[in-house]
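Taking it in order: structure first as structure tokens, then the write-up.
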Amino acid sequence: MRRFGIVLASLVVAISMWLGAGAVRADVFHGYWIYGKIHEEYTQAGGYNFFGNATIPESNTQNGGKFQRFVKNSSIYWHPAVAGGHANQIGGLIRDAWGRVGWETGYLGYPITREFGVNGGRANHMVAGSIYYSAATGAKNVWLGIRDVWADSGWENGRFKFPTEDTRTTTCSVWAQDFQGGTVLYKDSGVGGYFLPGNDVDGQRLAYSIGGGFLYGAELQTAVNSWNQLSPITVAPVGVFEVADVSISTANRSDVSWSGLHTRYSAPLTSTIQINMHYVQNYSSAKKAGVIAHEIGHALGLFHTCANDLMADNDGDRGTSYAPTGLTRDLYHNKWGF
Numbered sequence: 007m008r009r010f011g012i013v014l015a016s017l018v019v020a021i022s023m024w025l026g027a028g029a030v031r032a033d034v035f036h037g038y039w040i041y042g043k044i045h046e047e048y049t050q051a052g053g054y055n056f057f058g059n060a061t062i063p064e065s066n067t068q069n070g071g072k073f074q075r076f077v078k079n080s081s082i083y084w085h086p087a088v089a090g091g092h093a094n095q096i097g098g099l100i101r102d103a104w105g106r107v108g109w110e111t112g113y114l115g116y117p118i119t120r121e122f123g124v125n126g127g128r129a130n131h132m133v134a135g136s137i138y139y140s141a142a143t144g145a146k147n148v149w150l151g152i153r154d155v156w157a158d159s160g161w162e163n164g165r166f167k168f169p170t171e172d173t174r175t176t177t178c179s180v181w182a183q184d185f186q187g188g189t190v191l192y193k194d195s196g197v198g199g200y201f202l203p204g205n206d207v208d209g210q211r212l213a214y215s216i217g218g219g220f221l222y223g224a225e226l227q228t229a230v231n232s233w234n235q236l237s238p239i240t241v242a243p244v245g246v247f248e249v250a251d252v253s254i255s256t257a258n259r260s261d262v263s264w265s266g267l268h269t270r271y272s273a274p275l276t277s278t279i280q281i282n283m284h285y286v287q288n289y290s291s292a293k294k295a296g297v298i299a300h301e302i303g304h305a306l307g308l309f310h311t312c313a314n315d316l317m318a319d320n321d322g323d324r325g326t327s328y329a330p331t332g333l334t335r336d337l338y339h340n341k342w343g344f
């Protein structure tokens, strides 16, 4: 009996066949029986050398499919309505990332490909998204319209390269995701309206001059520092041998409704930012810095967003968003990278 058990456990050829309707079914035993569609993928993806023994019997998923796990850190998942009824392998760190978002019942759904190589990494496509892995970034999911935008830009070979985080929501009901080359944004109605058609940046630098009698130097420095933390654009005072990209000054006007105003001019004219002391003189220091940072955002090419965001249309809608976070931060990284 012991000898028979050893032979059975190491059996690598089909020992059972059922013939019917012109079809042939072959099953094998490696630790546990491996059946049908899962066995097909087991064989096609590399067989025993790739998977090793099964660690569990073929098991039911919660929604009508089957799966089986194997010694060499891979699983095979199958559902009759997915991938034309073909089972697919998923393994390693990609499988771990998939598990963290709910396996086959999570928002990504079943794998529709086995793991495949990409430029500098590995990937699996799922029903509703993908997971991409590189040694530098780890395994991250990409889904919804974010994946479509990223795909249109060239996947990992395009300007954005590999994802560095999972897809997430940001302010203004916009989906966002950081990649090595910048932030990808998606909204059903589009995100183009959040950008101005131009900007005042010269190369990687936004140089500003200060008009005489400017009253809010400390708040200006706070605003400048908040933008410079994002990089790669440096906002800085104009240098000795430099022409200012934007001039910042104070106004005192009760006949207008704005607390700050950015006006863009084409070279050789210098764009301007005016801070209206008629409104901001009673603001807190942080709120004054928010007004200045908002106008610098326009100089960087960003337009208005929504409430609770630095680039909200009016001071009251910003809440306490006096620094470039949320969608403002994501718009910046989409436009300028990291």
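Counting with the working numbering, you get residues 7 to 344 for the letters of the sequence shown. Using N, Cα and C, we set each Cβ at its ideal position, and we do this for glycine too.
#### Entry: Beta-carbon gap between residue 89 and residue 46 smaller than 8 Å
For the 8 Å CB-CB criterion, residue 89 and residue 46 do not form a contact.
### Message
I need the boundaries of the beta strand (DSSP E) containing residue 266, first residue and last residue.
### Response
266-269
### Query
Just the Cα atoms here: how many angstroms apart are residue 161 and residue 298?
37 Å
### Query
Around the C-beta of residue 354, are 16 or more other C-beta atoms found within 10 angstroms, so that it is buried, or is it exposed?
This structure does not reach residue 354, given that the chain is present from 7 up to 344, and the question cannot be answered.
### Query
Applying the criterion that 16 or more other CB atoms from any shown protein chain within 10 Å of the CB defines a buried residue, is residue 8 buried or exposed?
With a pLDDT of only 40 at residue 8, under the threshold of 50, the placement of this residue in the model should not be trusted, and no figure is reported.
### Query
In this structure, what does DSSP give as the bridge partners for residue 40?
Beta-bridge pairing links residue 40 to 34.
### C-alpha gap between residue 315 and residue 134, whole angstroms
30 Å
### Query
Taking DSSP as the reference, what is the three-state secondary structure of residue 189?
strand
### Task
Please name the residue, chosen from 155, 139, 111, that lies closest to residue 181 on a Cα-to-Cα basis.
Checking every option, the nearest Cα to that of residue 181 belongs to 155.
### Query
Would DSSP call residue 175 helix, strand or coil?
Here residue 175 sits in strand by DSSP.
### Query
Once you ignore the five residues that flank residue 303 on each side, which residues in its own chain have a CB closer than 6 Å to its CB?
317, listed in sequence order.
### Message
Which residue marks the beginning of the alpha helix (DSSP H) containing residue 295, and which one marks its end?
### Response
291-305
### Query
What are the complete beta strand (DSSP E) segments, minimum 3 residues, inside the segment 209-265?
211-216, 240-243, 252-257
### Task
Please classify residue 28: is it buried, with 16 or more other beta-carbons within 10 angstroms of its beta-carbon, or exposed?
Because residue 28 sits at a pLDDT of 35, beneath the cut-off of 50, its placement in the model cannot be relied upon, and the following sentence gives the value as read from the coordinates. Residue 28 comes out exposed.
### Bridge partner(s) assigned by DSSP for residue 330
Answer is none; residue 330 lacks a bridge partner.
### Query
Is the segment 177-191 touching the segment 220-229 in the sense that three or more CB pairs, one from each, lie closer than 8 Å?
no
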